[in-house]
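Here's the structure we're looking at; comments come further down.
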Amino acid sequence: SLRRLFPDIEPATITAVINHTLRARDLYLLDSRVRNVEPTYIFNGFTSSFEESTLVFREYLTVDTIIFPLHTYFAIVLAHNPDAHGLAAYFFAHLTHLQTLAAEFKWDAVRQYHTLFFNRRSREMEANGDYSAWSRPDIQLL
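Position in the sequence shown (first residue = 1) + 1 = the numbering used here.
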């Protein structure tokens, strides 16, 4: 079962991944490094209370803060679809493309591209089970 393969990932997060409803802004939920960080607390003026914050991870300040959880995301999708031909190749092509962009362009632009690209691919997978677009750069977003 997926819960046995990924025991440190919340079941609701695994469900969001396999249903293709997890959005780019929530990829940090798949980052194992988040579990090893002391919580940061911020003051919420609306509720007048302190709340635990994962802001450092949600800001995706470096390519690693996206690549690490993407590996887990792809591992979950692959484990859920073991007979999907070409799926691993699509995902590896995207990881290579993302790292190439990060080496060549300003990080803010790459992060924005990633967010839009990831969310588009998620909607395509949710709508029609099409995974192939992960293997191709989206020229409209560049």
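Idealized CB from N, CA, C, for every residue including glycine. The structure displayed is predicted, hence computed values, not measured ones.
Residue range of the unbroken alpha helix (DSSP H) whose run includes residue i
i, result
"residue 65", "65 to 81"
"residue 129", "108 to 129"
"residue 13", "12 to 19"
"residue 6", "3 to 6"
Helix, strand or coil at residue i according to DSSP, with G and I counted as helix
i, result
"residue 50", "strand"
"residue 92", "helix"
"residue 62", "coil"
"residue 164", "The shown model of the chain, from 2 to 143, leaves out residue 164, and the question about it has no answer."
"residue 104", "helix"
"residue 22", "coil"
"residue 85", "coil"
"residue 143", "coil"
"residue 34", "helix"
Own chain residues within Cβ distance below 7 Å of residue i, not counting five before or after
i, result
"residue 71", "28, 96"
"residue 134", "122, 125"
"residue 69", "32, 34"
"residue 120", "24, 25"
"residue 103", "64, 111"
Residues near residue i in its chain [Cβ-Cβ closer than 6 Å; skip 5 each side]
i, result
"residue 23", "17"
"residue 114", "142"
"residue 6", "80"
"residue 117", "142"
"residue 138", "98"
Per DSSP, cross-strand counterpart(s) of residue i
i, result
"residue 44", "51"
For residue j and residue i, believed in contact at Cβ under 8 Å, the rounded distance
i, j, result
"residue 77", "residue 15", "6 Å"
"residue 94", "residue 132", "That belief does not hold up - the Cβ atoms of residue 94 and residue 132 are roughly 11 Å apart, past 8 Å."
is_contact[residue i, chain C] using C-beta, thresh 8 Å
i, result
"residue 118", "Reference to chain C is not applicable here, since this structure consists of a single protein chain."
Residues of its chain near residue i, where Cβ-Cβ distance is below 8 Å and the 5 sequence neighbours each way are ignored
i, result
"residue 3", "15, 19, 77, 80, 81"
"residue 90", "136"
"residue 74", "18, 23, 28, 31"
"residue 63", "108"
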